[in-house]
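Everything below concerns the one structure shown next.
Numbering (the numbering used here), first residue to last: 119 to 263.
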């Protein structure tokens with residue numbers, strides 16, 4: 119927790135030492151430096167194969183990874199799909215076992231902790247920008263990986 123307070127202490131001390139124009143100049147310098155770094159990373163990550171209208175390299179890389187792990191793990195995402203649904207529906211529940219939450223409640227809690235708001239808004243933005251076809255490709259990508 120002490121490590122989290124260090125940046126706050128540092129920047130609040132800067133605000134007290136420097137006047138507003140000096141502090142703004144300092145922050146603008148940092149912003150410009152990171153802007154150049156992000157432009158370089160953007161060109162590397164989103165490099166398009168096949169020209170500007172081609173497919174970004176990152177998409178090909180992610181699809182290849184999903185296909186590789188699907189094959190490497192012997193299609194577990196497809197083979198065990200029925201079992202996963204059975205577990206969530208409570209097919210393997212034993213009323214005599216101790217416990218206060220159902221399998222579905224445990225799944226919902228685990229998903230809420232791992233999915234996060236970024237993935238939810240990411241889906242909304244993808245559908246807004248890409249149209250309804252984006253939901254099909256997100257489903258295919260989800261089944262792959």
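Quick reminder that beta carbons are idealized off the backbone N, C-alpha and C, glycines included. Treat the numbers as computed from the prediction; the structure is a model and nothing was measured.
C-beta contact flag for residue i and residue j at 8 Å
| i | j | result |
| --- | --- | --- |
| residue 183 | residue 263 | yes |
| residue 244 | residue 231 | no |
| residue 221 | residue 208 | yes |
Residues bridged to residue i (per DSSP)
| i | result |
| --- | --- |
| residue 166 | 174 |
Euclidean distance between Cα positions of residue i and residue j
| i | j | result |
| --- | --- | --- |
| residue 145 | residue 237 | 30 Å |
| residue 210 | residue 197 | 18 Å |
| residue 124 | residue 189 | 46 Å |
| residue 199 | residue 255 | 19 Å |
| residue 148 | residue 257 | 39 Å |
Rounded distance between the beta-carbons of residue j and residue i, thought under 8 Å
| i | j | result |
| --- | --- | --- |
| residue 165 | residue 175 | 5 Å |
| residue 178 | residue 167 | 7 Å |
| residue 225 | residue 206 | 6 Å |
| residue 195 | residue 127 | Actually they are not in contact, since the Cβ atoms of residue 195 and residue 127 sit about 47 Å apart, beyond 8 Å. |
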